Amino acid sequence: MKQPFLKILLVGLSLSCLCVAEEFKIPDLEKLAQKAKETVDVTLDQSMLQLASGFLSKDDPDEAKVKKLVAKLKGIYVRSFEFAREGEYSAADVQAFRNQLKQPGWSRIVGVKSVEGENTEVYVLKNGDQFGGLVVLATEPKEFTIVHIDGPINPEDLAELSGHMGIPELTKPKSKADKKEE
Amino acid sequence: MHKAMVYSIGWHFLHDRHAAEEMAQEVFLQLHTSWAGIQSREHLLFWLRRTATHRAIDAGRKRRTKAEITLEEADEPTMLERVHDTLLSSYLNRMVGTLPDKQRSAIILRYQEEMEVEEIARTLDMNASTVKTHIARGLEFLRGKVSRRLGRSE
Amino acid sequence: MTPFEEDLKKALAKCEPPDGFTERLAERIASLPARKASPMYWRWAAVAAAAAILFGGVAREHQHHLEGEAAKEKLLVAMRITSSKLQQAQQQIEEVERKQ
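So the sequence lines, in the order shown, correspond to chains A, B and C. Here the numbering used here is used: the first residue of the first sequence is 1, the next is one more, and so on. Here the numbering used here is used: the first residue of the second sequence is 183, the next is one more, and so on. Here the numbering used here is used: the first residue of the third sequence is 337, the next is one more, and so on.
Quick look at the structure:
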């Protein structure tokens, strides 16, 4: 496997789940929006996704990738808040989302914390062998982002968007084995 | 349609939908009373562009109750604005709104209306070389902003 | 035109005024002091009426186009945010692995 992220992803998914999947919903976050200095709020249900997809160009490589990615999705929801100061959102605000993601069918496949306080969690919903959804929960001292993709989304396809769409590509650092060989 | 042209001059200049509509309405009201003086379709187009641009400049000056943001003082975008602004069009649109009045007018007439320099000069009551200077300076500023923000070069 | 100028032209594409613009304008014109109707005035009224009928259909199609483009832009923003957060996680994982 080319990337460690994907190794972790597949290990996390080795247990198949036969439980009935529960719906995940982003609640009204107006109280956070009022405190934020900048807010991104994207709500695209299935009909809006189809409308948007119709305007994506097959000739543009980035847009063609996105068109393929969203073809069977039911919705994409993004709420992202940037605050002027630390402490504008609470651990309870974040925990409310985690509690929803404890429902049957949801598995956390990535949970990373940094000393700078940047935390990222990725959850996937499995319906048997099929992906049914994805949630990304990213928190920093002055930022809170939640992404919910409802429908059959393969996180590997999302990771392939790296290097496109104005997002710089990560260069893979040399492993200890690579360094020893030199 | 002329209403889209007039409204768009207002919107790209003022970046305020209410103010842009108000300006556009004022232009058409003025046209209503000045209709007898319109001699041809070409004259109508010239008249609308000229009136819309001058009214947009006036409206912009009246609305400036807070300190004018100069090129040097323009806020650096937040992280989320950077995500937004990878949509080049919306970023450029926003940056056009921070140009000084005359550069802004020249850029809007050149690239929204696709007017030639001589036409712009007649519309803005300037000579052609002044229009060229305003366009060149406006483009230089916008290119600089884009290359710094998005790491792009022409 | 250079590619940058083409981008700028795209950024400054014309947009339609909000719904109801023509109606609000008509109300304001109607409320102006009554004046002797000149032949040019009737011509303007006829042109305006014809334009409203003729361009009504075109305006609806244009509205659909605007809505579609707006939805597309939102979708691309959502994809960029998601991809960048996943990249951030990958970067953090690689940082952890480097330290081990």
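Quick reminder that beta carbons are idealized off the backbone N, C-alpha and C, glycines included. This one's a predicted model, so the numbers in the text were calculated from it and none came from an experiment.
- If you check each beta-carbon in the segment 198 to 217 of chain B against every beta-carbon of chain C, the ones closer than 7 Å belong to R199, E203, A206, Q207, F210, L211, H214 and W217.
- Shown here for A/T145: same chain residues with a beta carbon closer than 6 Å to its own, the five before and five after excluded, namely S80 and A138 in chain order.
- One alpha carbon belongs to A/D93, the other to A/P152, and they sit about 27 Å apart.
- Contact note: C/A425 does not reach chain B at a C-beta cutoff of 9 Å; the least C-beta distance is about 16 Å.
- In the three-state scheme derived from DSSP, where H, G and I count as helix and E and B as strand, A/Y77 is classed as strand.
- Taking all protein chains shown into account, A/A33 has fewer than 16 neighbouring C-beta atoms within 10 Å of its C-beta and is therefore exposed.
- Taking 7 Å as the threshold, the shortest C-beta distance from C/K350 to chain A does not fall below it.
- Taking a contact as a CB-CB distance under 8 Å, the pair A/K126 and A/G117 does not count as one, their CB atoms being some 30 Å apart.
- Taking 7 Å as the cut-off, the beta carbon of C/L368 is found no closer than this to the beta carbon of B/F210.
- Taking C-beta separations shorter than 7 Å and ignoring five residues to either side along the sequence, the partners of A/V66 in its chain run L56, following chain order.
- Out of C/R364, C/Q427 and C/L412, the CA that lies nearest to the CA of A/D41 is found in C/L412.
- With fewer than 16 other Cβ atoms inside 10 Å of its own Cβ, A/K68 counts as exposed.
- For the options B/E298, B/A310 and B/L281, the alpha carbon positioned closest to that of B/F195 is the one of B/L281.
- Residue-level contact by beta carbon fails for C/L402 and chain B, as no gap is shorter than 7 Å.
- Scanning chain C for C-beta atoms nearer than 8 Å to the C-beta of A/F131 yields nothing, as the closest lies near 14 Å away.
- Judged by DSSP secondary structure, A/R85 falls outside any beta strand (DSSP E); it is assigned neither H nor E.
- Chain-order list of chain C residues neighbouring A/L29: empty, with the shortest C-beta distance near 15 Å, by a criterion of under 9 Å.
- Residue state for A/A138 is assigned as strand, using DSSP reduced to three classes.
- Fewer than three beta-carbon pairs drawn from the segment 349 to 365 of chain C and the segment 304 to 312 of chain B are found closer than 8 Å, and the two stretches are therefore not classed as touching.
- DSSP lists no bridge partner for B/F228.
- Residue-level contact check: C/L422 does not touch chain B, since none of the beta carbons of chain B fall below 7 Å from its beta carbon.
- Contact between A/Q100 and A/G75 is absent: CB atoms are separated by about 15 Å, not below the 8 Å threshold.
- Within 7 Å of the CB of A/A138, the CB atoms of chain C belong to K421 and Q424, in sequence order along the chain.
- The criterion of a C-beta distance shorter than 7 Å is not satisfied by B/A241 and B/I191.
- Put simply, the CB of C/I429 is far from chain B, with every gap to its CB atoms at 7 Å or more.
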